[in-house]
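Quick note on the working numbering: the sequence shown kicks off at 110 and runs consecutively.
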Amino acid sequence: MKNMKTTTMASEWQQLQDKLKERFGSEMDHDAILFMIGLQELDKPYKAYKKDEKLEVMHIGVCTVLAPYGFYEYKGRDDDDWPHWELKEKIPFLDAKSQSKLMNDALIDYFKRIDFFE
Numbered sequence: 110m111k112n113m114k115t116t117t118m119a120s121e122w123q124q125l126q127d128k129l130k131e132r133f134g135s136e137m138d139h140d141a142i143l144f145m146i147g148l149q150e151l152d153k154p155y156k157a158y159k160k161d162e163k164l165e166v167m168h169i170g171v172c173t174v175l176a177p178y179g180f181y182e183y184k185g186r187d188d189d190d191w192p193h194w195e196l197k198e199k200i201p202f203l204d205a206k207s208q209s210k211l212m213n214d215a216l217i218d219y220f221k222r223i224d225f226f227e
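Given below as structure tokens:
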């Protein structure tokens, strides 16, 4: 049974990759997808971001996709209208394969929640 779920998630990951490639013209890695989600959640007009700002935008993406897993809780926006989360549960140490799987699962779940696959 576990093998079937792994296969399903792998095919859903490929579906997500295919749909993103169709929409944006190229395959996207985790960082690119998290940056895109961060921009979406930031809800500000696109501008050129400095390196540290790009990391902050990616952090918004990470918090957004991991919040449903109980790791972060949304707290609201600051005076500059940037969203903020509180770490609720420390993310356990994961080897590279497990970390990649967690991120794939979280990204798939995020895109399901926003009806991207429809």
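Glycine included, every Cβ here is placed at the ideal spot set by N, Cα and C.
- Looking only at Ala157, Tyr178 and Phe133, the smallest Cα-Cα distance to proline 201 is reached by Tyr178.
- Residues Leu143 of the same chain have their beta carbon placed closer than 7 angstroms to that of valine 171, with the five preceding and five following residues left out of the count.
- The count of Cβ pairs closer than 8 angstroms, one atom from the segment 119-135 and one from the segment 214-224, reaches three, so the stretches are in contact.
- The C-beta separation of lysine 199 from histidine 193 comes to about 18 angstroms, leaving the pair out of contact by the 8 angstroms criterion.
- For the set Thr173, Asp204, Leu151 and Lys159, the Cα lying nearest the Cα of phenylalanine 220 is the one of Thr173.
- By the 16-neighbour rule on beta-carbons within 10 angstroms, isoleucine 169 is buried.
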